[in-house]
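Asks: Quick note: the sequence shown uses my numbering, first residue 2, plus one each step.
Let me give you the structure first, and then I'll get to my questions.
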Amino acid sequence: MHAIVRASEPTPATAPAHGVLRLAAARRAAAHGRGSAAAMPRSSIVPACAHPQARTRQRMDTPSVQLEFPFTFGDRFRAGVAVTTSCWLCMIWVLAFPLLGIALPIVAYLNLGRVPTIDWLLCALLLAFMPAMMLWSTWRGHRAFADTPLHLYTIDAQGVHSRSAHMELRHDWSMIRAVVRRRGFLMLYFRRQCAHCIPLRHLDGGQIARIAELARAGKVARVAV
């Protein structure tokens with residue numbers, strides 16, 4: 002009662018009357034509030050913590066993606082090119098040799114008025130060096146997995162699990178940096194120059210959408226599919 006008097010600041014003569022009126026009004030308001038809450042349907046009363054739980058259930062309910070496919074020599078070579086061209090430092094290294102090969106005969110001609118045979122040979126070597134190295138590296142990798150016709154992938158809420166006859170890798174989503182579509186592959190990067198490369202011809206639209214949903218739920222920084 003003292004708090005109500007202080008809030009309304011009545012004169013001493015009218016304080017009791019004001020207090021009784023305000024107490025009656027407060028009781029009517031409380032009774033009206035209980036009636037409104039009782040009339041409210043149960044489905045509309047949602048606790049604040051229900052929404053994060055709903056998102057968690059949605060992530061766990063997303064079905065996993067199971068894949069089994071061969072990785073051909075052409076797939077391996079194109080995947081290497083796709084990973085290399087996505088890194089600008091790698092591109093500088095790769096392009097340095099052919100650029101030197103082009104510059105060498107030009108410099109020789111400007112200085113000598115002609116291009117010696119040795120410069121032509123060096124030019125051909127520099128131009129062919131990086132393609133030859135990439136083909137050789139691809140052949141070595143393909144030969145090492147020659148007796149592994151199929152690669153198995155399981156992509157679920159936990160992350161990416163790949164296995165073959167010689168190796169098995171598991172990466173949580175926290176280790177995946179990006180999921181992108183590039184040069185005919187769905188690429189799941191776990192380092193700047195390392196990625197799981199899945200040929201798009203072995204994926205349908207629904208599988209790609211599920212992988213993207215799982216990656217976003219796993220808080221992957223970049224998902225562009």
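We put the CB at the ideal spot given by N, CA and C, even for glycine.
With a Cβ-Cβ cutoff of 7 angstroms, do residue 196 and residue 187 count as a contact?
Replies: Reading the sequence shown from its first residue, position 195 is the one you call residue 196. Reading the sequence shown from its first residue, position 186 is the one you call residue 187. No, the Cβ-Cβ distance between residue 196 and residue 187 is not below 7 angstroms.
Asks: Pull up the CB-CB distance for residue 223 and residue 179, whole angstroms please, since I reckon it's below 8 angstroms.
Replies: Indexing the sequence shown from 1 puts residue 223 at position 222. Indexing the sequence shown from 1 puts residue 179 at position 178. Indeed they touch by this definition, with Cβ atoms about 4 angstroms apart.
Asks: Between which two residues does the alpha helix (DSSP H) harbouring residue 213 extend?
Replies: Residue 213 sits at position 212 when you count from the first residue of the sequence shown. Here the alpha helix (DSSP H) through residue 213 covers 206 to 218.
Asks: Count the other CB atoms, across all protein chains shown, that sit within 10 Å of the CB of residue 174; report buried if there are 16 or more and exposed otherwise.
Replies: Here residue 174 refers to the residue found at position 173 when the sequence shown is read from its first residue. Buried: at least 16 other Cβ atoms inside 10 Å.
Asks: How far does the alpha helix (DSSP H) with residue 185 in it reach, from first residue to last?
Replies: Counting from one through the sequence shown, the residue named residue 185 turns up at place 184. Here residue 185 belongs to no alpha helix (DSSP H), and DSSP marks it neither H nor E.
Asks: Just the C-alpha distance for residue 81 and residue 163, rounded to the nearest angstrom, thanks.
Replies: Counting from one through the sequence shown, the residue named residue 81 turns up at place 80. Counting from one through the sequence shown, the residue named residue 163 turns up at place 162. If I take the Cα positions, the gap works out to 18 angstroms.
Asks: Applying the criterion that 16 or more other CB atoms from any shown protein chain within 10 Å of the CB defines a buried residue, is residue 73 buried or exposed?
Replies: As a first step, residue 73 is located in the sequence shown; it is residue number 72 there, counting from the start. Burial call: exposed.
Asks: Leaving aside the five residues before and after residue 177 along the sequence, list all residues of the same chain whose C-beta is less than 6 angstroms from its C-beta, in chain order.
Replies: The residue given as residue 177 occupies position 176 in the sequence shown. Same-chain partners within the cutoff: 189, 191 and 221.
Asks: Using CA atoms only, rank isn't needed, just tell me which of 119, 112, 79 and 90 is closest to residue 102.
Replies: On the sequence shown, residue 102 is found 101 positions in, with the first residue counted as 1. It is 119.
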